[in-house]
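Residues -17 to -1, 1 to 1027 in mature numbering (1 follows the signal peptide of the UniProt record, and there is no 0) are what the sequence shown lists, from first letter to last. The beta carbon of each residue, even a glycine, is placed where N, CA and C say it ideally should be.
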Amino acid sequence: MHFSGLIFASLATVAVAAPTSSVFNEVYNFDSSLEEFYTKVSTHIAQYANGAAPTCDMSKVSLPSSKLPAPTGSLKYVAIGRGTQNYTCADSTADTVPAQIGAVANLYDASCVAANYPDLLDLITDIVLNYSLPSANVQTPLAPANLYLLGHHYFETATEPAFNLNTTPEKQLGLALTAKQNSTAAPSGSVLGQFNVGYGAVPWLYLSTVTGTTDGFTAVYRVNTAGGAAPTTCAGQPAAFQVQWHSHPVDEEVPLEVDAVALEEAVVVLEVVIVVVVVVVVAVPPEAEAVLAVDVVLLEVGNNQTQSKYPQNTNVGKGGRGGRGGPPRGGARGGQKAIIEPHRHAGIFVARGKEDMLVTKNLTPGDSVYGEKRIAVEAPAEGDAPAAKTEYRVWNPFRSKLAAGVLGGLDKIFIKPGSKVLYLGAASGTSVSHVADIVGPTGTVYAVEFSHRSGRDLIGMATKRTNVIPIVEDARHPMKYRLLVPMVDVIFADVAQPDQARIVGLNAHMFLKNEGGVLISIKASCIDSTAKPEVVFAHEVERLRAEKIKPKEQLTLEPFERDHCIVAGQYMRSISRTFIFVIEEATDKMAESIKDLRIVIVGAGMGGLASALALAKEGFKKIDVYEYAADLGFVGAGIQLAPNMARILDRLGVWEPIAKEATNIQATSIRQGSTNEELGHVELGYIEKTYGYPHMVGHRFSLANSMYQGCLKESAITFHFNTSIKSIESFGPNPVVLAEPRDGSSEPYKVEADVLLAADGIKSNIRVEMLKLLNVDAQIIDTKQAAYRIMIHRDQIKDDPELLALLDSDTVVRWIGAKRHIIAYSVDNKNIYNLSTTQPDTNFAAAPSATYTTRGSKSAMLGVFEDFCPMIQRILNHVPEGEVCEWKLRVHAPLPTWVHKTVALVGDACHPTLPHLAQGAAQAIEDAAALAASLSRLPDTQPSTINKALRVYERIRKDRAYALVEMAAASGRTLHLGDGAAKEERDKQFAALKQGNGKVPDKWADADVQKLIYGFDTTKETLENFDEIFNGLEEQAVNGVNGH
């Protein structure tokens, strides 16, 4: 557990000011209710301004005075619990008293606050009660106190409260299962509820641990409670009454499910907001507890500043709220005067007022970049000349690590007016714009950003700031932009990659002047999430030294960034430039030889196209794609475009045309097929905000064609259509396949490769031969299910208002029944209504095993869904006779390996899936991203090295892919339930969902499942874990011929 920043990390994320309509209105979005809180914060800051940093010594923590028994062990953790206390009512009369059925809450770490600032603990509980609970992601703090997730509270059974501090695989702090031993009423004057409106604070509790507890925990205390009490009676409570504490149901915020308590007679469920302090006791003496010293970052800005010549009133231009908050000591209030003073770092200024703010002189007056506030300073008029105005932009340290470093007291930043700066990891240009202000019109910022999505924003910003040169490229490959960047004075790096020191070194060797400045922001968790940040920082400093960068100073970025530091240093060329060029030339030659690897891809489906494009984007020059079809006709219908797919396609530069034609899904409706009754409705608009990309649906042609067009722009990719791969003659060290043109234009010929990727689908011949060689049975499994793919055009239903409403909506609709379902949505700019069905397979029984499609009968299709509602009957009747096509749904058992020698399987060749999670194409594209990232990290071209890189790809992808395959199958089983106890239980879940407090039986629409799927960044995972996995793999023999 890391105790970092103490008062700042725990308390100072959001500096707030009373909202007014005056000149500093909402610069940092202050709320007057926090005045006492931040007054105390300022007092504590002042106490430590010139003294030793506080320590997180838990022996200094004491429980508040109460009638509860004193602890017999040592206090281990103190947490703020934020969630709901839950009650039920059997009826809505005054004779009935609400019955308590437990609670759910997120626990946020306040241990260091309790150890050093006990006077603030009471205030925090009162304040956070009025703020919405953030997501349970370990990286999301509790506003406004910036407390990070410690664990979860829920009920293991009806009488057994649990306090689970195991939040991630890396953060396993223990589990306390408890039983109530004692209680006492909350003190008079306790906060009644949100905004002090409610029924009172719940009692304080003493809980002892029971069997199942881990890590030596002996007791848990619940104290300092705020809110949570129920009304005295159930009078006037309507059915399904809820006190909502924020816009999402609790189970979306707390991923741990609470076992349902049998309350058949209950008709009312009440959720009452509660905040408590939870103290966990462990059975060790206090002296055994670790005492951790923590750096404190002070907001002391510009110690050598001078008085501005023009101490005039200021006017702030309009704009949206910027950043995650403001400085710990508060924010600027409206109606205040401000003085602009130069900072000791040239080009940076401080706006002095009631609260000081860092500002830069706006290079383009009248323009804001990210909604930041602007301050206009008017100089006194001289003679007949009009008064001159100078505009400054507020530089939010919560949005810029460089600003955080300046506020933290960096002695040298090397960036000044006239400087040439190479900025690695420019993102959308928020910080870059301020650096452009600092260097001014005589300087230049060369801004490198890998993401095409962010790159578009960066380019947009640079159109107005002409001293910014946007470069949308990978900072790991400086050779790609060597013609754009001259020798520079400074490199600033914020790339958040596990090999960021190496990345900075590569760019410094190529572009940085001798004794030039280096500033690198280091995020500990991106390098090693299991090690202490200070250990990671020290290791990275040593890596910088190895790259000829001499560190000058190191500064933690609390409270603005958690577990971050910034290192400033100078690049010292200790050898001659001639020798450096010789080294660089040798390095470049090795890199070029890697990029000259001959890569053969079999199959031009989703996996094959994505693999070819991703590898070309990584700089590989010789990519040949062999496709059985004469051309890419792109048969198929609609396809779902999930954020995990969109993220990869955007980086490949092909997402924009796909998204332009697609439908942005805002909700899903699950309905009973026979009646059209809505069983559940789930809003999905939050997905884009949460994962960076929306969940969209589109036409399969649009997806495939966009990737194909992207491939055609890459000279490295050559397509060989109408060509059959008859067999594989060798798996290594250099794979050899036998290719045969299907038109008879030439005899079969051998194709030799350095890397062979089999993206040839579920019928993959290469998979069969590979596994036969390994004595593995790779039989295809008949799921006994089939699917119709149906597309209804707008003009076919133009006279049916009900069907037109479906076509024009942004909702995915799923009709379910026994062993069958239909899912439908709009594609092609809402000109086509796409339906996909799943039903028992009745038409393939006599078909050969190699047959996967068959011409279907319209009457048979109507018979399959004859008991579905009239709306479905009308839709299906619009399908023209003779255009019914049915697909057989097949999978195969999980394979023991995807890799043999220098051959790897991709997509359906290794993990075909049922369509119930809409992840088939997305998982193939994830394969492509992981393959390209793995091969891009090759240190040499030895076949054994290539084999290890391919096994890294397998390690990253295999378990995840098979987990989603099984989850899709399980979701289908749930949707297709017939009458019986299982269906009744599922329908109870749907009923609970309609009341706003249930899970989603349709896993595709479940928030927790979406988090698992959409929140995973395959490229990032591969790059961050490549070295560890690669170095841990043993070399395998890849020599031999004829498949051996």
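Beta-carbon spacing of residue i, residue j below 8 Å
{"i": "residue 718", "j": "residue 686", "result": "no"}
{"i": "residue 209", "j": "residue 112", "result": "yes"}
{"i": "residue 613", "j": "residue 688", "result": "no"}
{"i": "residue 664", "j": "residue 775", "result": "no"}
{"i": "residue 510", "j": "residue 523", "result": "yes"}
{"i": "residue 814", "j": "residue 777", "result": "yes"}
{"i": "residue 898", "j": "residue 874", "result": "no"}
{"i": "residue 624", "j": "residue 679", "result": "yes"}
{"i": "residue 402", "j": "residue 352", "result": "no"}
{"i": "residue 940", "j": "residue 913", "result": "yes"}
{"i": "residue 389", "j": "residue 323", "result": "no"}
Endpoints, beta strand (DSSP E) assigned at residue i
{"i": "residue 113", "result": "No beta strand (DSSP E) contains residue 113, which DSSP labels as neither H nor E."}
{"i": "residue 841", "result": "Note, residue 841: premise wrong, no beta strand (DSSP E); alpha helix (DSSP H) at 841 to 847."}
{"i": "residue 707", "result": "706 to 713"}
{"i": "residue 858", "result": "Careful: residue 858 lies outside any beta strand (DSSP E), inside the alpha helix (DSSP H) at 853 to 860."}
{"i": "residue 65", "result": "57 to 72"}
{"i": "residue 547", "result": "547 to 554"}
{"i": "residue 663", "result": "661 to 666"}
{"i": "residue 157", "result": "154 to 167"}
{"i": "residue 764", "result": "763 to 776"}
{"i": "residue 868", "result": "868 to 875"}
{"i": "residue 135", "result": "132 to 140"}
{"i": "residue 654", "result": "650 to 655"}
{"i": "residue 702", "result": "700 to 703"}
{"i": "residue 816", "result": "815 to 823"}
{"i": "residue 145", "result": "143 to 151"}
Simplified DSSP assignment, three categories, for residue i
{"i": "residue 784", "result": "helix"}
{"i": "residue 615", "result": "coil"}
{"i": "residue 677", "result": "coil"}
{"i": "residue 359", "result": "strand"}
{"i": "residue 630", "result": "helix"}
{"i": "residue 640", "result": "helix"}
{"i": "residue 695", "result": "helix"}
{"i": "residue 747", "result": "coil"}
{"i": "residue 810", "result": "strand"}
{"i": "residue 533", "result": "strand"}
{"i": "residue 735", "result": "strand"}
{"i": "residue 483", "result": "helix"}
{"i": "residue 40", "result": "coil"}
{"i": "residue 173", "result": "coil"}
Host alpha helix (DSSP H) of residue i (start-end)
{"i": "residue 1001", "result": "1001 to 1015"}
{"i": "residue 942", "result": "926 to 958"}
{"i": "residue 524", "result": "516 to 529"}
{"i": "residue 905", "result": "903 to 919"}
Buried or exposed (CB count within 10 angstroms, at least 16 for buried), residue i
{"i": "residue 732", "result": "exposed"}
{"i": "residue 1016", "result": "exposed"}
{"i": "residue 879", "result": "exposed"}
{"i": "residue 102", "result": "exposed"}
{"i": "residue 172", "result": "exposed"}
{"i": "residue 937", "result": "buried"}
{"i": "residue 818", "result": "buried"}
{"i": "residue 436", "result": "buried"}
{"i": "residue 565", "result": "Any reading at residue 565 is ruled out, since the residue's pLDDT is 46, under 50, leaving its predicted position unreliable."}
{"i": "residue 518", "result": "exposed"}
{"i": "residue 178", "result": "exposed"}
{"i": "residue 391", "result": "buried"}
Cβ-heavy atom distance, residue i to the ligand FAD, below 7 Å
{"i": "residue 203", "result": "Among the components modelled here there is no ligand, and therefore nothing to report on the ligand FAD."}
Segments of 3+ residues assigned as beta strand (DSSP E) that fall wholly inside the stretch 318 to 350: Contiguous beta strand (DSSP E) elements confined to the stretch 318 to 350 occur at 322 to 325, 331 to 335, 340 to 344, taking only those with 3 or more residues.
To test your reading of the DSSP string, which unbroken alpha helix (DSSP H) runs of 4 or more residues are found completely within the stretch 372 to 412? With a minimum length of 4 residues, the unbroken runs of alpha helix (DSSP H) contained wholly in the stretch 372 to 412 fall at 384 to 391.
Just list the alpha helix (DSSP H) runs in the stretch 83 to 109, keeping only unbroken ones of 4 residues or longer that don't cross its boundaries, in chain order. Taken in chain order, the unbroken stretches of alpha helix (DSSP H) that lie wholly in the stretch 83 to 109 and span 4 residues or more are 94 to 99.
Enumerate, from N- to C-terminal direction, the unbroken alpha helix (DSSP H) stretches of 4 or more residues contained entirely within the stretch 423 to 481. Counting only runs of 4 or more residues that sit fully inside the stretch 423 to 481, the alpha helix (DSSP H) segments are 435 to 445, in chain order.
What beta strand (DSSP E) runs, 3 residues minimum, are completely inside the stretch 178 to 205? You should have 187 to 192.
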